[in-house]
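J.:
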Amino acid sequence: MANLSSNKPDFSGQTALAGIAGSTSANPDGGAIGLVFGEMAHLGKLNLRGQNGLAKSVKAVTGCTFPPKANRFQSAGERHVVWLGPDEYLLLCEAGKEQELQDSLNSMITSSHFAITDVSDSLCALSLRGPAVRAVLAKGCGLDLHPKQFAAGQSAQSLLALSAVTLMAVADDAFILICRTSFAPYVQRWLADAALEYGYQYVA
Amino acid sequence: MLIITCPFCGPRDEVEFACGGEAHIARPLADHKISDADFADYLFMRDNPKGLFLERWRHSAGCRRWFNVARDTVSNEIVEIYPMGSLPVKTAAKTTYKTSWRRDTAAEKAATPSRSKAGGSK
Chain L
1 MANLSSNKPD FSGQTALAGI AGSTSANPDG GAIGLVFGEM AHLGKLNLRG QNGLAKSVKA
61 VTGCTFPPKA NRFQSAGERH VVWLGPDEYL LLCEAGKEQE LQDSLNSMIT SSHFAITDVS
121 DSLCALSLRG PAVRAVLAKG CGLDLHPKQF AAGQSAQSLL ALSAVTLMAV ADDAFILICR
181 TSFAPYVQRW LADAALEYGY QYVA
Chain E
205 MLIITCPFCG PRDEVEFACG GEAHIARPLA DHKISDADFA DYLFMRDNPK GLFLERWRHS
265 AGCRRWFNVA RDTVSNEIVE IYPMGSLPVK TAAKTTYKTS WRRDTAAEKA ATPSRSKAGG
325 SK
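One line per chain: the protein sequences are L and E, in this order.
Sequential numbering of the first sequence, starting at 1, is according to the working numbering.
Sequential numbering of the second sequence, starting at 205, is according to the working numbering.
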């Protein structure tokens, strides 16, 4: 009898956008490339639910001030704490550190009402930068993305071309976009298409 | 398109929200005996007024939290947005709440815990 197990595809360690090769499209006007984007592969993501008694532990583990204000995020180096709701936060950390972070939080938080869920593989994070980043996002998003209305440090959960996304403004010309893993190829292709008129570079 | 002000996220497009239908429908408690017809008022009967309507909405593409909205179904004017579990405070919305046919139903009366611990019909 044939060994069926050897026919199983091995998806371990595969990223959400593994099947999409890097690509470049020059700015038709000849200027600088408008959007440079790529997957933040295996970025650690933890969903944190809870209201009280979390601040000290989260601050100690991530280095970020907690809680962030509504629709904002706090950063310390590569770690970010994003506000998702009045009792819900998203913790982002370096690839591979999420288990360690989860364990330390679980042992440090004394409040009895909280939950930490590893959602690293459920969500896909993309890093977007370039002079046209806001113009590209504005094509598919109802939010006011003017730098005065959506400044660095602000975040929002909204819809981008009908897919649910979390947008984090890292700087005037840099964003982190988080979407569902299953939507990631669609979002990647939509971004590439929307950025055609500004020129883009997708780094695989 | 409506711009709805989420109590947590501020003004956002209507596409980010999901309407949860009529607000302030309380489930009759098990320790009250009510007829099937009265229970149907709670389970099936929904208001569909021309004018001010108290609704539940959820910011489904945003913070995913529920809240109440007093909306005029003719003009789409949003008169008041208030938290779940509370009643409206603006006069027009308050009147809508008080004058709803639902306030007189046996189902709503049966949603209040009875005073006697042993339970019973009243």
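For glycine and all other residues, C-beta sits at the position ideal for the given N, C-alpha and C.
Mind listing, in chain order, the continuous beta strand (DSSP E) runs of no fewer than 3 residues lying wholly within the region 5-41 of chain L?
T.: Fully enclosed beta strand (DSSP E) runs of 3 or longer: 23-25, 35-39.
J.: Rounded to whole angstroms, what's the CA-CA distance from L:Gln201 to L:Ala169? Just pull it up for me.
T.: In the first sequence, the residue the question calls residue 201 of chain L occupies position 201. In the first sequence, the residue the question calls residue 169 of chain L occupies position 169. So the alpha carbons of these two residues sit roughly 19 Å apart.
J.: Where are the alpha helix (DSSP H) runs, 4 residues long or more, that stay fully inside the region 156-201 of chain L, in chain order?
T.: 184-194
J.: Drop a sphere of 10 angstroms on the beta-carbon of L:Met108, count the other beta-carbons inside from all chains shown, and report buried for 16 or more, exposed for fewer.
T.: Counted from its first residue, the first sequence places residue 108 of chain L at position 108. Exposed, because fewer than 16 other Cβ atoms sit within 10 Å of the Cβ of L:Met108.
J.: Do the CB positions of L:Ser155 and L:Val82 come within less than 8 Å of each other?
T.: Translated into positions along the first sequence, residue 155 of chain L becomes position 155. Translated into positions along the first sequence, residue 82 of chain L becomes position 82. The answer is yes: Cβ separation under 8 Å.
J.: Looking at the structure shown, is E:Ser290 part of a helix, part of a strand, or coil, going by DSSP?
T.: If you number the second sequence from 1, residue 290 of chain E lands on position 86. Note: E:Ser290 maps to coil in three-state DSSP.
J.: For L:Arg129 and L:Asp87, which I take to be in contact (beta-carbon distance under 8 Å), what is that distance rounded to the nearest angstrom?
T.: As a working note, residue 129 of chain L is residue 129 in the first sequence. As a working note, residue 87 of chain L is residue 87 in the first sequence. Not really, about 32 Å apart at Cβ, beyond 8 Å.
J.: From the DSSP output, read off the bridge partner residues of E:Ile212.
T.: Here residue 212 of chain E refers to the residue found at position 8 of the second sequence. According to the sequence displayed, residue 212 of chain E carries Phe and not Ile. Answer is none; E:Phe212 lacks a bridge partner.
J.: Let me see if you follow: with CB-CB separation under 8 Å, is E:Ala222 close to chain L or not?
T.: Within the second sequence, residue 222 of chain E is the residue found at index 18, counting from 1. Chain L contact via Cβ: absent.
J.: Can you name, in chain order, every residue of its own chain whose Cβ lies under 6 Å from the Cβ of L:Ala18, other than the five neighbours on each side?
T.: Here residue 18 of chain L corresponds to residue number 18 of the first sequence, with the count starting at 1. Annotation for L:Ala18: no residue places its beta carbon closer than 6 Å to its own, counting only its chain and skipping 5 residues before and after.
J.: So what's E:Asp251 in DSSP terms, helix, strand or just coil?
T.: As a position in the second sequence, residue 251 of chain E is number 47, starting the count at 1. Coil at E:Asp251, not helix or strand.
J.: Starting from the N-terminal side, write out each stretch of the alpha helix (DSSP H) that is 4 residues or longer and does not extend beyond the region 107-151 of chain L.
T.: 133-138
J.: Determine the direct distance from the alpha carbon of L:Ser57 to that of L:Gly85, and round the result to whole angstroms.
T.: In the first sequence, the residue the question calls residue 85 of chain L occupies position 85. In the first sequence, the residue the question calls residue 57 of chain L occupies position 57. Roughly 19 Å separates the two Cα atoms.
J.: From E:Asp276 to E:Lys254, what distance separates their C-alpha atoms?
T.: In the second sequence, counting from the first residue as 1, residue 276 of chain E sits at position 72. In the second sequence, counting from the first residue as 1, residue 254 of chain E sits at position 50. Roughly 8 Å separates the two Cα atoms.
J.: Quick check: is the beta carbon of E:Phe212 nearer than 8 Å to any beta carbon in chain L?
T.: Position 8 of the second sequence, counted from the first residue, corresponds to residue 212 of chain E. So yes, E:Phe212 belongs to the interface.
J.: For the region 281-301 of chain E against the region 97-104 of chain L, do three or more pairs of beta-carbon atoms, one drawn from each stretch, fall closer than 8 Å, so that the two count as touching?
T.: Taking 8 Å as the limit for Cβ pairs, the verdict is that the region 97-104 of chain L does not touch the region 281-301 of chain E.
J.: Can you tell me which of E:Ala314, E:Glu220, E:Asp251, E:Tyr301 puts its alpha carbon nearest to the alpha carbon of E:Trp261?
T.: Taking the second sequence and counting its residues from 1, one reaches residue 261 of chain E at position 57. Comparing Cα positions, the closest option is E:Glu220.
J.: Evaluate E:Cys210 with the Cβ neighbour count: other Cβ atoms within 10 Å of its Cβ, from every protein chain shown; 16 or more gives buried, anything less gives exposed.
T.: On the second sequence, residue 210 of chain E is found 6 positions in, with the first residue counted as 1. Buried.
J.: Of all the options L:Ser120, L:Ala135, L:Asp172, L:Asp173, which has the alpha carbon lying nearest to the alpha carbon of L:Gly44?
T.: Here residue 44 of chain L corresponds to residue number 44 of the first sequence, with the count starting at 1. Checking every option, the nearest Cα to that of L:Gly44 belongs to L:Ser120.
J.: Would you kindly report the start and end of the unbroken beta strand (DSSP E) that includes E:Lys237?
T.: For the purposes of this step, residue 237 of chain E is identified with residue 33 of the second sequence, where counting begins at 1. Counted as a single uninterrupted DSSP element, the stretch harbouring E:Lys237 is not any beta strand (DSSP E), since DSSP gives it neither H nor E.
J.: Say whether chain L places a C-beta atom closer than 8 Å to the C-beta of E:Arg268.
T.: Position 64 of the second sequence, counted from the start, is the residue given in the question as residue 268 of chain E. E:Arg268 counts as touching chain L.
J.: Does E:Val219 get closer than 8 Å to chain L when you measure Cβ to Cβ?
T.: Indexing the second sequence from 1 puts residue 219 of chain E at position 15. So, interface residue.
J.: Who are the Cβ neighbours of L:Asp33 in its own chain at under 7 Å, not counting the five residues just before and after it?
T.: Residue numbering aside, residue 33 of chain L sits at position 33 when the first sequence is read from its first letter. As written in the sequence, residue 33 of chain L is Ile, which differs from the Asp given in the question. Contacts found: Asn27, Gly130, Gly199, Tyr200, Gln201.
J.: So, is the C-beta of E:Ala315 closer than 8 Å to a C-beta in chain L?
T.: Sequence index remark: in the second sequence, residue 315 of chain E carries index 111 (1-based). So no, E:Ala315 is outside the interface.
J.: If you compare alpha carbons, which of E:Ser264, E:His236, E:Ala310, E:Glu259 is closest to E:Thr300?
T.: Here residue 300 of chain E refers to the residue found at position 96 of the second sequence. Checked all of E:Ser264, E:His236, E:Ala310, E:Glu259; the closest Cα to E:Thr300 is E:Glu259.
J.: Which same chain residues, not among the five before or five after L:Ser127, have their C-beta less than 7 Å away from its C-beta?
T.: Locating residue 127 of chain L in the first sequence gives position 127, where the first residue counts as 1. Beyond the five residues adjoining it in sequence on each side, L:Ser127 comes within less than 7 Å, by CB distance, of Phe37, Gly38, Met40, Ile176 in the same chain, given in chain order.
J.: Within 8 Å (strictly less), CB to CB, does L:Gly142 reach chain E?
T.: To locate residue 142 of chain L, count along the first sequence from 1; it is residue 142. For L:Gly142, the answer is yes, since a Cβ of chain E falls inside 8 Å of its Cβ.
J.: Taking buried to mean at least 16 other C-beta atoms within 10 Å of its own C-beta, is E:His263 buried or exposed?
T.: As a working note, residue 263 of chain E is residue 59 in the second sequence. Result: buried.
J.: Rounding to the nearest angstrom, what Cα-Cα distance links E:His217 and E:Asp251 in this structure?
T.: Numbered from 1 along the second sequence, position 13 holds the residue referred to as residue 217 of chain E. Numbered from 1 along the second sequence, position 47 holds the residue referred to as residue 251 of chain E. The sequence shown places Asp at residue 217 of chain E, rather than the His named in the question. Distance between the alpha carbons of E:Asp217 and E:Asp251 is about 25 Å.
J.: Tell me which same chain residues have a C-beta within less than 6 Å of the C-beta of L:Gln157, skipping the five on either side of it?
T.: Locating residue 157 of chain L in the first sequence gives position 157, where the first residue counts as 1. Around L:Gln157: Thr166.
J.: Give me, in chain order, the residues of the same chain whose beta-carbon lies closer than 6 Å to that of E:Asp245; leave out the 5 immediate sequence neighbours on both sides.
T.: For the purposes of this step, residue 245 of chain E is identified with residue 41 of the second sequence, where counting begins at 1. Counting only Cβ-Cβ distances below 6 Å, and skipping sequence neighbours, we find Thr309, Ala311.
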